[in-house]
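S.K.: Protein sequences appear in the order of chains A and B.
Mind the numbering: the first sequence is residues 6 to 145 in this note's numbering, read in order.
Mind the numbering: the second sequence is residues 6 to 145 in this note's numbering, read in order.
Protein chains: 2
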Amino acid sequence: MSAHSHDIEEGLDFRPKFDAAGLVTVVATDAATGDLLMVAHMNDEALRKTIATGEAWYFSRSRNALWRKGESSGQTQRVVEMRTDCDQDAVWIRVEQVGAACHTGRRSCFYRKVEPQGGIAKLVFVDAERLFDPDKVYKK
Amino acid sequence: MSAHSHDIEEGLDFRPKFDAAGLVTVVATDAATGDLLMVAHMNDEALRKTIATGEAWYFSRSRNALWRKGESSGQTQRVVEMRTDCDQDAVWIRVEQVGAACHTGRRSCFYRKVEPQGGIAKLVFVDAERLFDPDKVYKK
Chain A
6 MSAHSHDIEE GLDFRPKFDA AGLVTVVATD AATGDLLMVA HMNDEALRKT
56 IATGEAWYFS RSRNALWRKG ESSGQTQRVV EMRTDCDQDA VWIRVEQVGA
106 ACHTGRRSCF YRKVEPQGGI AKLVFVDAER LFDPDKVYKK
Chain B
6 MSAHSHDIEE GLDFRPKFDA AGLVTVVATD AATGDLLMVA HMNDEALRKT
56 IATGEAWYFS RSRNALWRKG ESSGQTQRVV EMRTDCDQDA VWIRVEQVGA
106 ACHTGRRSCF YRKVEPQGGI AKLVFVDAER LFDPDKVYKK
């Protein structure tokens, strides 16, 4: 292992490895239940704001903008713990989620199972109850 | 919402949205405890092999190669459930992990907490016990 890899994997300096677009992948789980809520991205600024405020900020690739989770919907995330992985290109946050994490109104973005079905994989809804109506919340 | 987005978010066809490099982000959690084990990537072939065999296959960006989890280390992952998220650019697998998920020998890749410390974030080891010695397992 190179000295550099060793520092990244075994060191105590937080040196997030941003991708070519300046982002790290972030996994948010429910601190109470452990359920996976969402997978999103942070840039350096979102990461700093999250650490400084204790609330989750992300960077939206589709809107190309910094975004405080819940700023439109009120469905904020308070960060209970943040971790990083061996090569520091991913961040895990355990959060207290107000309401629903998903913009579709569901608690989690992962509301469909992938199931093999005659050679083709199909999706099956699971835990897919909506906690809010996205058409009302986002006023599309 | 466009008709296309509606199909992706509310439909039952599995249409993974691969990035420019042909990859989707994959989150693997421990089916027994719910703990986050690792964040990695699959290309179309890895995804198909995972679905067909019930064992996790990934695509390594650093080695630019398809890879059956555990093929060097014996630390395989049996997939108990697979889900996808609203926009189908991420996959969640709940797995039965043999031994350690992390190449450093730890159960999870997320063995360090990020903690604010005088304006700078520092890392603190947590759940960092090694289950195997990577120098022996990978014969570096």
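All C-beta atoms in this analysis are idealised placements derived from N, C-alpha and C, irrespective of residue type, glycine included.
Since the model is a prediction, treat every value here as computed from it, not as a measurement.
Please determine if the region 96–104 of chain B and the region 116–129 of chain B are in contact, where contact requires at least 3 C-beta pairs separated by less than 8 Å.
M.R.: Cβ pair count under 8 Å is below three, so no.
S.K.: Can the beta-carbon of R117 of chain B be found closer than 9 Å to that of L136 of chain B?
M.R.: For R117 of chain B and L136 of chain B, no; Cβs fall outside 9 Å.
S.K.: Using the beta-carbon count (16 or more within 10 Å), is A25 of chain B buried or exposed?
M.R.: A25 of chain B comes out exposed.
S.K.: Just checking my contact of T100 of chain A with T89 of chain A at CB under 8 Å: how many whole Å lie between their CB atoms?
M.R.: According to the sequence shown, residue 100 of chain A is Val rather than Thr. 16 Å between Cβ atoms; not a contact.
S.K.: Distance check for A70 of chain A and M87 of chain B, CA to CA, integer angstroms please.
M.R.: Distance between the alpha carbons of M87 of chain B and A70 of chain A: 30 Å.
S.K.: Among residues of its own chain, excluding the 5 on either side of E14 of chain B, which ones have a beta-carbon nearer than 6 Å to its beta-carbon?
M.R.: Cβ within range, chain order: C91.
S.K.: State the DSSP-derived secondary structure class of E134 of chain A, mapped to helix, strand or coil.
M.R.: E134 of chain A falls in the coil class under three-state DSSP.
S.K.: For S65 of chain B, which residues in the same chain have their Cβ closer than 7 Å to its Cβ, ignoring the five residues on either side in sequence?
M.R.: W72, listed in sequence order.
S.K.: Quick check on the DSSP output: the beta strand (DSSP E) that includes A51 of chain A runs from which residue to which?
M.R.: Run containing A51 of chain A: none in the beta strand (DSSP E); it sits in the alpha helix (DSSP H), D49 to T58.
S.K.: Can you round the beta-carbon distance between Q93 of chain B and A33 of chain B to whole angstroms, since I take them to be within the 8 Å contact cut?
M.R.: In fact, because the Cβ distance is near 18 Å, the residues do not count as touching under 8 Å.
S.K.: Exposed or buried, which one is L41 of chain B when buried takes at least 16 other CB atoms within 10 Å?
M.R.: The residue in question, L41 of chain B, is buried, as its Cβ has 16 or more Cβ neighbours within 10 Å.
S.K.: Tell me which residue opens and which closes the beta strand (DSSP E) that V31 of chain B is part of.
M.R.: Counting along the chain, the beta strand (DSSP E) containing V31 of chain B begins and ends at V29 to D35.
S.K.: So which of A:I98, A:S77, A:A37 and A:A45 has the shortest CA-CA distance to Y63 of chain A?
M.R.: Comparing Cα-Cα distances from Y63 of chain A to each of A:I98, A:S77, A:A37 and A:A45, the minimum goes to A:A45.
S.K.: Can you give me the C-alpha to C-alpha distance between L17 of chain A and H11 of chain A, rounded to a whole angstrom?
M.R.: Going from the Cα of L17 of chain A to the Cα of H11 of chain A covers about 11 Å.
S.K.: Name the residues in the region 88–101 of chain A whose C-beta lies less than 7 Å from a C-beta of chain B; which are they?
M.R.: Those would be R88, T89, D90, C91, A95 and W97, in chain order.
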